[in-house]
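Accompanying notes for the structure given below.
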Amino acid sequence: MAGCDTGRVTTLLDLRAEIAAHPSNAWATRQGWQPLVVGSARSRVLLIGQAPGRRAQASGIPWDDPSGVRLRSWLGVTDAEFYDTERFAIVPMDFYYPGKAPASGDLPPRRDVAPLWHPRILDVLTGVRLTVLVGSYAQRHYLGRRRARTLTETVRRAPEYLPLFPVVHPSPLTLGWQMRNDWFDAETIPMLRALVAEAIGGGGATAASVTAPESGDG
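Last residue of the sequence shown? That's 218 in full-length UniProt numbering, and every number before it is there in order.
So this is what it looks like as structure tokens:
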């Protein structure tokens, strides 16, 4: 995306600075928080989750928590591979930890973040071959009315959505779900690992760059 005055190509570093400076994020910037979005034009796999957890926000490292350990296992990659921006871009639905929910878990990502920033970020991520939609918030935004009736059905039909690949959130809260749905371990994870290996290995592309959602949050 061209810069306003010089024609210089906008980078993700530029966008991170814009995000941090945006008035809607002043509350986070005052706390010294950085927006947790990483990647490059060479990233091959795009991970779109919900929002950073408290531990990840504190360390400044996306998916730096038990959920991240579980996600890397599902993807079949090492920590070094996961944090290599020539392999992976990490773009959550909200770039900051949203706080603790009253009952359990964290608050949802702010609804206005992805529509405002994701199209510009995706313009930078020109090398993406596969996009993994981690959890219901990303799936609602990017699949819209194409989603199945339930999250479980949507995840089970993952191959139908390529180059988008929906999975459940790897939070410990979904361990019970994974045990009840043994097809996820038997079928979905091996398929995901094969797609990831192909995408980051430089083989024939099975997926193209993701674009803005066709049907929004419907």
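In this text, a Cβ means the ideal position worked out from N, Cα and C, and glycines have one as well. Since this is a predicted model, take the numbers as computed values, not measurements.
Beta-carbon gap between residue i and residue j smaller than 8 Å
i    : j    : result
S40  : L12  : yes
L71  : V134 : yes
A138 : M93  : yes
L195 : F165 : yes
V167 : V132 : yes
L47  : A89  : yes
S73  : G53  : no
Residue burial classification, residue i (beta-carbon count within 10 angstroms, cutoff 16)
i    : result
S136 : buried
D65  : buried
S59  : exposed
T154 : buried
P119 : exposed
E103 : Rather than Glu, the amino acid found at residue 103 in this sequence is Ala. When all chains shown are included, A103 counts as exposed.
P98  : buried
V91  : buried
Cβ-Cβ separation, residue j to residue i (assumed contact under 8 Å), whole Å
i    : j    : result
Q34  : A20  : 7 Å
V45  : R146 : Actually they do not touch by this definition, with Cβ atoms about 21 Å apart.
A158 : T188 : 6 Å
Q57  : Y96  : 7 Å
R87  : I200 : 4 Å
H141 : A114 : 6 Å
Simplified DSSP assignment, three categories, for residue i
i    : result
I61  : coil
A20  : helix
P166 : strand
T131 : strand
A51  : coil
G41  : Checking the sequence shown, residue 41 turns out to be Ala, not Gly. Here A41 sits in coil by DSSP.
D123 : helix
Inset, instruction - Indicate whether the contact test is met: 3 or more Cβ pairs, each with one atom in the stretch 121 to 137 and one in the stretch 34 to 54, closer than 8 Å. - result: Judged by pairs of C-beta atoms under 8 Å, the stretch 121 to 137 touches the stretch 34 to 54, as three or more such pairs exist.
Inset, instruction - Kindly confirm or deny that the stretch 78 to 88 and the stretch 184 to 195 touch, where touching means at least three C-beta pairs closer than 8 Å. - result: no
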